[in-house]
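Notes follow the structure.
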Amino acid sequence: MKLVIAGSSGFVGTELIRQALAHPEITSVVALGRRETQVPSDVSRAKLKSVICNDFENYPQSVKDGLAGADACIWTIAVKPLQSISLPWEQTCKVSRDYAVTAIKTLAQLPRSNSVKPLRFIYMSGSNAVRDAAQKPFILGNYSLMRAKTEALILDQAKQSKGIVEASIAKPGLIYAPDRTSMLMGLVQGVGYAMIGLPKIDIVELSAALLSQAVNGIDQETLSNQDLITMGKKAVEAL
Numbered sequence: 001m002k003l004v005i006a007g008s009s010g011f012v013g014t015e016l017i018r019q020a021l022a023h024p025e026i027t028s029v030v031a032l033g034r035r036e037t038q039v040p041s042d043v044s045r046a047k048l049k050s051v052i053c054n055d056f057e058n059y060p061q062s063v064k065d066g067l068a069g070a071d072a073c074i075w076t077i078a079v080k081p082l083q084s085i086s087l088p089w090e091q092t093c094k095v096s097r098d099y100a101v102t103a104i105k106t107l108a109q110l111p112r113s114n115s116v117k118p119l120r121f122i123y124m125s126g127s128n129a130v131r132d133a134a135q136k137p138f139i140l141g142n143y144s145l146m147r148a149k150t151e152a153l154i155l156d157q158a159k160q161s162k163g164i165v166e167a168s169i170a171k172p173g174l175i176y177a178p179d180r181t182s183m184l185m186g187l188v189q190g191v192g193y194a195m196i197g198l199p200k201i202d203i204v205e206l207s208a209a210l211l212s213q214a215v216n217g218i219d220q221e222t223l224s225n226q227d228l229i230t231m232g233k234k235a236v237e238a239l
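Structural data, given as structure tokens:
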């Protein structure tokens, strides 16, 4: 199968690339980002194609050609919660919402070699994105509602595609990598996120869960942090 990983040079994207390149059922990995994707040293890059896109609102034909024929897409591009504080709100919405909506619309229109099965679009949101405005968090509330609105837009686009695309929303909490985070930084992050009530998930298990949805099919429309942990553990054990 051909898999697109959007945001391939990011924190989660890098782990997704590592696992996808080692996955026996994935025959082609398209790394979509603003710069060349670096491949982890412990895997072969034979299946990888790096597609550089400088305009995520209007895909040039060269990018569309690279994405054509995809069976699934895992979308990780977004402004991080704390980054949103220092960016103009319009920029935060454009990167976190508009880019994803444009992507699912574009992928739905591209030719595919396997048109019998729908293209699987997995949008990575966050556990603190609440769809009920009455539950708006005190901290980063507008950001939370915007991400939840994006979830709804993605699911709606899939429904409007009339079976061409199916979508799933992944809602992880604090994503951590024990082997890449110092003890002090891990403690600071843990305390900070505990204050706003976020659960946590290991990046290896999260990535394995996302890849499981992409390869094996979408089990649930919305995956909570605990759903992702359960699914990720099973996927890791099966490797």
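FYI, UniProt numbering numbers position 65 of the sequence shown as 65, with every residue one higher than the one before it.
For every residue, glycine included, the Cβ atom is placed at its ideal position computed from N, Cα and C.
Computed from a predicted model, the values in this text were never measured in an experiment.
### Task
For L153, collect the residues of the same chain with a Cβ closer than 6 Å to its Cβ; drop the 5 residues on either side in sequence, then sort them by chain order.
V101
### Query
Taking just the CA atoms, how far does V39 sit from L155?
31 Å
### Task
Could you say which of N114, I52, N58, L119 lies nearest to K94 if we only look at CA atoms?
N58
### Task
Indicate whether the contact test is met: 3 or more Cβ pairs, each with one atom in the segment 161-180 and one in the segment 118-135, closer than 8 Å.
yes
### Query
Out of V165, D202, A134, G197, which has the shortest C-alpha to C-alpha gap to Y176?
D202
### Task
Can you tell me which of the three DSSP states K136 falls into?
coil
#### Entry: Neighbour-count burial assignment, K117, 16 or more Cβ in a 10 Å radius
exposed
### Query
Going straight from the alpha carbon of T230 to that of V43, what length do you get?
25 Å
### Message
Using 8 Å as the threshold, is the C-beta distance between residue 327 and I26 below it?
### Response
Any property of residue 327 remains undetermined from this structure, which presents the chain solely from 1 to 239.
#### Entry: Identity of the residue in N142, A133, Q109 nearest L82 by Cα
N142
### Query
In whole angstroms, what separates the C-alpha of S62 from that of Q19?
26 Å
### Task
Give the range of the alpha helix (DSSP H) segment to which M146 is assigned.
141-160
### C-alpha distance - E237 paired with P88, whole-angstrom precision
43 Å
### Query
For the segment 27-107, which segments carrying the alpha helix (DSSP H) assignment without a break, of at least 4 residues, lie completely within its bounds, in sequence order?
61-67, 89-93
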